[in-house]
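The structure under discussion appears below in the form of structure tokens.
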Amino acid sequence: MTDSHEIRLANDDAPQQDNRWLQRLSYTAVIALAIAFIIVGAIGFGLSIREAQRAAMRVNSQSPLNQIVLALHNYHDHYGQFPPAYVADENGRPMHSWRALILPFIEYGNLYDQYDFSEPWNGPNNSKLADRMPRTYWSQSEPPSTMYTNVVLITGPGTVFPGAQSTRLDDITDGTQNTILVTETAGSTIPWLAPRDIELVNGIVPLGNSEKLGRPAISAVAWRRPWVAFADSIHCYEIDDKIPPASLSALTTIKGGEAITRDKLIQQDLIR
Numbered sequence: 167m168t169d170s171h172e173i174r175l176a177n178d179d180a181p182q183q184d185n186r187w188l189q190r191l192s193y194t195a196v197i198a199l200a201i202a203f204i205i206v207g208a209i210g211f212g213l214s215i216r217e218a219q220r221a222a223m224r225v226n227s228q229s230p231l232n233q234i235v236l237a238l239h240n241y242h243d244h245y246g247q248f249p250p251a252y253v254a255d256e257n258g259r260p261m262h263s264w265r266a267l268i269l270p271f272i273e274y275g276n277l278y279d280q281y282d283f284s285e286p287w288n289g290p291n292n293s294k295l296a297d298r299m300p301r302t303y304w305s306q307s308e309p310p311s312t313m314y315t316n317v318v319l320i321t322g323p324g325t326v327f328p329g330a331q332s333t334r335l336d337d338i339t340d341g342t343q344n345t346i347l348v349t350e351t352a353g354s355t356i357p358w359l360a361p362r363d364i365e366l367v368n369g370i371v372p373l374g375n376s377e378k379l380g381r382p383a384i385s386a387v388a389w390r391r392p393w394v395a396f397a398d399s400i401h402c403y404e405i406d407d408k409i410p411p412a413s414l415s416a417l418t419t420i421k422g423g424e425a426i427t428r429d430k431l432i433q434q435d436l437i438r
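Counted the way the working numbering counts, the sequence shown spans residues 167 to 438.
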């Protein structure tokens, strides 16, 4: 991202008003209603309270990804491009995360105003915000945290978020329905302001236990499958751990030309 773009962000107070996508859906009402139906229905069918709670958390854990998809599209509507995965300094080192850039688009404009883009994400001023993570960056399936996010992008060459460069919807020639925009990682130790996400490893997307893999990976708590959200809608999909690495990687490229599609993987019960 260029310096001019940073200035534009810092001086532009319009993003919080430009919520065309956000106006299409009330998350709180929809999620609360869904959870209520699940709990009542589960208990009615004889499931335990614990099973009912897990069923509710499973649905509720989609909400952060839904909100992030909308925020990313709002950002795109406003700037004509998605935010970069990170803003780099003059030496190319990651300095600021996309999570800081989209704060006005998740209704945290006040927190955005307190963030200092002239210093690194962990600088003296920005460190004061370390324990003020918006709930949008946390899934209720995970232990409560005000510092560590489990909402992540998939970054690397050929993805929607290759690094310090921005992409546009028009760049996604593989089809937005076949391109993952955001996902989650379990047991995360990623500070929410850190310019860090899931990175491709030799073109392959890490999937599974992050601790065992030694890096952030698409993952969820043990009793459910991880969610991913695609660039075409706010609907979340579960990823099966048996999905072939090449198939999962194909869902991260914007113009790889692969024959693999989301619909085909749904038919194979690898995405639900």
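Every residue, glycine too, gets a C-beta built ideally from N, C-alpha and C. These numbers come from a predicted model, not from an experiment.
- Could you work out which residue in ILE432, SER229, HIS262, ASP435 is closest to GLU285 when comparing CA atoms only? HIS262
- Query: Roughly how many angstroms separate the alpha carbons of PRO410 and LYS294, rounded to a whole number?
  - Reply: 42 Å
- Message: Quick check on this structure: which residue in SER229, SER311, ASP255, PRO260 has the alpha carbon closest to the alpha carbon of ASP297?
- Response: SER311
- Could you tell me which residues DSSP pairs with ILE132 in its beta bridges? Residue 132 is absent from the model: the chain starts at 167 and stops at 438.
- Message: Between the alpha carbons of TRP287 and ALA254, how many angstroms are there, rounded?
- Response: 11 Å
- Task: Rounded to whole angstroms, what's the CA-CA distance from SER332 to ALA221? Just pull it up for me.
- Result: 37 Å
- Message: Quick check on DSSP: helix, strand or coil for TYR274?
- Response: coil
- Message: If I measure Cβ to Cβ from LEU366 and keep anything under 6 Å in the same chain, skipping five residues before and after, which residues do I get?
- Response: GLY322
- Quick one, which of LEU238, ASN257, GLY258, ARG390 has its alpha-carbon nearest LEU267's? LEU238
- Item | Segments of 3+ residues assigned as beta strand (DSSP E) that fall wholly inside the region 212-269 | 252-254, 260-263
- Message: Please classify ARG216 as buried or exposed, where buried requires at least 16 other C-beta atoms within 10 Å of its C-beta.
- Response: exposed
- Query: Do VAL235 and LEU335 come within 8 Å of each other at the CB atom, strictly closer than that value?
  - Reply: no
- Query: In whole angstroms, what is the alpha-carbon distance linking SER307 and VAL387?
  - Reply: 7 Å
- Message: Taking the straight line between their C-alpha atoms, what separation do you get for ARG438 and ILE432?
- Response: 6 Å
- Task: Answer yes if the region 387-406 comes into contact with the region 356-364, meaning at least three C-beta pairs across the two stretches below 8 Å, and no otherwise.
- Result: no
- Query: What residue range is occupied by the uninterrupted beta strand (DSSP E) comprising LEU347?
  - Reply: 346-350
- Item | Straight-line Cα distance separating GLY353 from TYR252 | 22 Å
- Message: Assuming contact is defined by CB atoms lying nearer than 8 Å, are ASP340 and THR419 in contact in what I supplied?
- Response: yes
- Query: Under the three-state reduction of DSSP, which class applies to PRO328: helix, strand or coil?
  - Reply: coil
- Query: Are there 16 or more other CB atoms within 10 angstroms of the CB of ARG428, so buried, or fewer, so exposed?
  - Reply: buried
- Alpha carbon to alpha carbon, how far is PRO260 from PRO382? Give it in angstroms, no decimals. 17 Å
- Status (buried if at least 16 other CB within 10 Å, exposed otherwise) for ASN344: buried
- Query: Excluding sequence positions up to five away, which residues of its chain have a Cβ less than 6 Å from the Cβ of GLY329?
  - Reply: ALA251
- Query: Is DSSP giving ILE432 helix, strand or coil here?
  - Reply: helix
- Message: Below 8 Å on the Cβ atoms is my contact criterion, and I expect THR315 with ARG265 to pass it. Report the Cβ-Cβ distance as a whole number of Å.
- Response: 7 Å
- Distance between ALA425 and GLN189 (C-alpha atoms, nearest Å): Only weak support exists for where GLN189 lies, its pLDDT of 49 falling under 50; the value from the coordinates is given anyway. Cα to Cα, the separation comes out at about 35 Å.
- Item | Extent of the continuous alpha helix (DSSP H) to which GLU308 belongs | Premise fails: GLU308 is in no alpha helix (DSSP H) and is neither H nor E.
- By the 10 Å Cβ neighbour count, where 16 or more other Cβ atoms means buried, how is ALA412 classified, buried or exposed? exposed
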